[in-house]
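The block underneath contains the structure these notes are about, expressed in structure tokens.
Numbering (our numbering), first residue to last: 76 to 393.
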């Protein structure tokens, strides 16, 4: 069975469909002609364009998850859940327990759907500046976020290599683009810029770091390619293959938002981070195997992020 046979015909279930990545994955698969069902803890307005099931997958029994997937004839499960949770227990719930229960459910189905799991570039841990992170680099996560993300990704890979599931892992860099989470750095900056009075300056602590950022829509396109072309057990790093500084990112966001250059007043102090001071993905493996490359420039991505902030997302096709 080829990867494309796995998802045609049948339904695509997007776990975390109400999140920033999940909504773009749902929209892209729908445009590609797939029936999409969104799964998340609660419905959000932008998910109303697709069939939706309110379910906390991390808290559900595998039998309940299997019944949902089987009854809807799901042929592809995209795990776009997770995020910047505050506590390690919350991260474990979202990044590990959810994956374990999803995999247990998939393994019991007579026709097992393909699983595309969105992991994180931070699973590799801190790397020296200048490093281009490829898939051969040993994982060595140093933060609770990275450790729990790796545990989830590793569970998918272990199950795939054991033949229990048909699973693929995408390790994505930080994302930007439409409808960012306020829990992300750029989302928080955008939120504060939106609330500023004319002539006001924004005091901001900026990490002395350089990090690869990719538009959320390019992540969705990588998911589509992985669903159709990747072999089970494969890992792909997904990014732009560039490492702008955090100051450059903030400066560009300020410019595309139409603020004067001196809008940001940088202040000193420690900056919390879920990853290291440098991330840059080597994306050649995804280019060779998936035929995938990022298509949206960083400036355009940040402009779209700014312009969509106050605009409700389109519900999309029904």
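The C-beta atom is built at its ideal place from N, Cα and C for all residues, glycine as well. Given the structure is predicted, the values throughout are model-derived calculations rather than measurements.
When DSSP states are grouped into helix, strand and coil, residue 202 belongs to the coil group. About 5 Å separates the beta carbon of residue 100 from that of residue 153, a gap short enough to meet the 8 Å contact definition. The beta strand (DSSP E) runs lying completely inside the region 275 to 343 and spanning 3 residues or more are 277 to 279, 288 to 290, 310 to 313 and 339 to 341, given in chain order. In this structure, DSSP gives residue 353 an extended state, which the three-state scheme calls strand. In the DSSP assignment, residue 110 is bridged to 86.
Assignment of residue 193 by DSSP, reduced to helix, strand and coil, places it in the strand class. With distances taken between CA atoms, residue 284 lies nearest to 203 out of 179, 362, 151 and 203. DSSP, read as helix, strand or coil, puts residue 140 in helix. Short of 7 Å from the beta carbon of residue 140, and not among the five residues preceding or following it, lie these beta carbons of its own chain, in chain order: 132, 176, 177 and 180.
Here the alpha carbon of residue 379 sits roughly 6 Å from the alpha carbon of residue 252.
Between residue 116 and the set 104, 125 and 94, the nearest pair of CA atoms involves 94. Taking each of 241, 212 and 334 in turn and checking the Cα distance to residue 191, the smallest one comes out for 241. Taken through DSSP and simplified to helix, strand or coil, residue 240 comes out as coil. Counting every other CB atom within 10 Å of its CB across the protein chains shown gives residue 161 a total below 16, marking it as exposed.
For residue 212, there is no enclosing alpha helix (DSSP H), as DSSP marks it with neither H nor E. Burial of residue 303 is indicated by the presence of at least 16 other C-beta atoms within 10 angstroms of its C-beta. For the 7 Å CB-CB criterion, residue 357 and residue 318 do not form a contact. Residue 188 counts as buried, since at least 16 other C-beta atoms from the protein chains shown sit within 10 angstroms of its C-beta. The shortest C-alpha to C-alpha distance from residue 384 to any of 366, 256 and 341 is the one to 256. With contact defined as three or more Cβ pairs closer than 8 Å, the region 290 to 303 and the region 362 to 375 are in contact.
With fewer than 16 other Cβ atoms inside 10 Å of its own Cβ, residue 148 counts as exposed.
Around the CB of residue 321, 16 or more other CB atoms lie within 10 Å, so the residue is classed as buried. Shown here, residue 181 sits in a helix according to DSSP, grouped into three states.
Between residue 198 and residue 267, the C-beta spacing is not below 7 Å. For residue 150, the enclosing beta strand (DSSP E) stretches over residues 149 to 154.
Linking residue 382 to residue 237 through their CA atoms gives a straight-line distance of about 46 Å. Here residue 207 has 316, 355, 356 and 357 as same chain residues with Cβ atoms under 8 Å from its own Cβ, once five neighbours each way along the sequence are excluded.
For residue 128, the enclosing beta strand (DSSP E) covers residues 127 to 129. Contact annotation: residue 104 and residue 113 have beta-carbon atoms that are not nearer than 7 Å. Here residue 245 carries a strand assignment [DSSP, helix/strand/coil]. Going by DSSP, residue 167 is part of the alpha helix (DSSP H) stretching over 163 to 167.
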